[in-house]
Amino acid sequence: MKHLLKLSDWSKEEILDTLNLADQLKYELKHGITHHHLAGQTLGMIFQKSSTRTRVSFETGMYQLGGQALFLSSRDLQIGRGEPVQDTARVLSRYLDGIMIRTFAQQEVEDLAKYGSIPIINGLTDYCHPCQILADLMTVREHKGSLEGLKLCYIGDGNNMANSYIVGALTVGMRVAIACPNDYRPDPFVLDFAKAYGDRFSISSNVLDMAAGADVVCTDVWASMGQEGEAAVRQKAFAGFQVNDDVMAAANPGAMVQHCLPAHREEEITAKVFEEHADEIFDEAENRLHAQKAVMVKLMAKNK
Ligand code: CP
Ligand code: NVA
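Under my numbering, the sequence shown is numbered contiguously, ending at residue 307.
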């Protein structure tokens, strides 16, 4: 694998190998063992949208691996004034060893990879959020011991998170149930991808049906970055698509909760459920660091 553009480009083995390396890097960090796998390397981080976790975890991860990261806001880059991505890709490939990009269109990420000559990592697009799902799978495996056969239920918008949960969780052997309003279903390409998994995948607007017997319950905001203008309409459309006590009662006893954050309490998740599962949610946030370090080592280390 050369890039992380979307999870459907990666095999089950590639995902699991990366999670294994992430576990190892986490263990080593906690025991004071450092590895400068990326000594002397520079990661460019292009942000067309806001970020707390992605920015800080990539920057810190790169530092821990012996390299450095450059924060490149599209407000300051010429890309923000219309310089084509084809040219940006070829220029930045002459300076950098890898690029992490957070933007709107998936095509922009694909084009960076097509025209550039260094590894490209998708730090979130409107279509998917692969780094987040690697961190989530790592967290589920830490808490549950394995992934195979577990049921993951996602409740809410059929957005970038839903798309990536479907692809990532099905690929590693989980069952996936999506509860979303009929007008806010996941991407057609992803629904087509899921068809190949038969009854391991289900989708419905009935929240409690989808949550029944879930081992992991996930959700995300009702209005994503770029959809702020639709917030009022979405508040109405998503009423009832909330992770609350009823949902947790339908799920398996001991079910865990994942939220990529930022969270909107009393919208997609109640404050009560959020706080009851805060340890799992903040483990998930922490694991962005370890999972992304593993991604960078896999894609960028010269001797790997
Ligand atoms: N979950 C996530 O990607 O968070 P940020 O938007 O803060 O990077
Ligand atoms: N769906 C959200 C995820 C944020 C990490 C968004 O795109 O804004």
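The beta carbon of each residue, even a glycine, is placed where N, CA and C say it ideally should be.
Let me know the secondary structure DSSP gives residue i once reduced to three states.
{"i": "residue 37", "result": "coil"}
{"i": "residue 155", "result": "strand"}
{"i": "residue 127", "result": "coil"}
{"i": "residue 45", "result": "strand"}
{"i": "residue 2", "result": "Because the chain in this structure spans residues 4 to 307, residue 2 falls outside the shown range and cannot be described."}
{"i": "residue 105", "result": "strand"}
{"i": "residue 259", "result": "strand"}
{"i": "residue 207", "result": "strand"}
{"i": "residue 266", "result": "coil"}
{"i": "residue 121", "result": "coil"}
Within its chain, find whatever has a CB closer than 7 angstroms to the CB of residue i; leave out the 5 residues flanking it on each side and keep chain order.
{"i": "residue 39", "result": "68, 69"}
{"i": "residue 175", "result": "15, 18, 19, 140, 150"}
{"i": "residue 60", "result": "291, 292, 295"}
{"i": "residue 2", "result": "The structure shown does not extend to residue 2, since the chain is modelled only from 4 through 307, so no value can be given for it."}
{"i": "residue 195", "result": "none"}
{"i": "residue 144", "result": "22, 150"}
{"i": "residue 107", "result": "51, 128, 129, 229"}
To the nearest angstrom, report how far apart residue i and residue j are at their CA atoms.
{"i": "residue 109", "j": "residue 304", "result": "25 angstroms"}
{"i": "residue 97", "j": "residue 81", "result": "16 angstroms"}
{"i": "residue 277", "j": "residue 86", "result": "42 angstroms"}
{"i": "residue 148", "j": "residue 91", "result": "43 angstroms"}
{"i": "residue 126", "j": "residue 57", "result": "7 angstroms"}
{"i": "residue 142", "j": "residue 235", "result": "33 angstroms"}
{"i": "residue 209", "j": "residue 93", "result": "48 angstroms"}
{"i": "residue 191", "j": "residue 166", "result": "9 angstroms"}
{"i": "residue 95", "j": "residue 116", "result": "11 angstroms"}
{"i": "residue 41", "j": "residue 25", "result": "15 angstroms"}
{"i": "residue 84", "j": "residue 78", "result": "8 angstroms"}
{"i": "residue 163", "j": "residue 211", "result": "22 angstroms"}
Take residue i and list the residues in its own chain whose beta-carbon comes closer than 6 angstroms to its own, dropping the five residues that flank it on each side.
{"i": "residue 73", "result": "47"}
{"i": "residue 50", "result": "76, 105"}
{"i": "residue 218", "result": "153, 154, 255, 258"}
{"i": "residue 62", "result": "72"}
Does the distance from the C-beta atom of residue i to that of residue j stay below 7 angstroms?
{"i": "residue 181", "j": "residue 6", "result": "no"}
{"i": "residue 27", "j": "residue 134", "result": "no"}
{"i": "residue 158", "j": "residue 222", "result": "yes"}
{"i": "residue 270", "j": "residue 225", "result": "yes"}
{"i": "residue 129", "j": "residue 88", "result": "no"}
{"i": "residue 179", "j": "residue 214", "result": "no"}
{"i": "residue 333", "j": "residue 131", "result": "Nothing about residue 333 can be reported from this structure: the residues present for the chain run from 4 to 307 only."}
{"i": "residue 272", "j": "residue 266", "result": "yes"}
{"i": "residue 189", "j": "residue 161", "result": "yes"}
Ignore the nearest five residues each way along the sequence and tell me which others in residue i's own chain have a CB closer than 8 angstroms to its CB.
{"i": "residue 198", "result": "204"}
{"i": "residue 146", "result": "259, 283, 286"}
_Using only Cβ atoms and a threshold of 6 angstroms, which residues come within that distance of a heavy atom of the ligand CP? Order them by chain position._
Residues flagged by the Cβ proximity filter: 54, 55, 56, 57, 127, 135, 263, 264.
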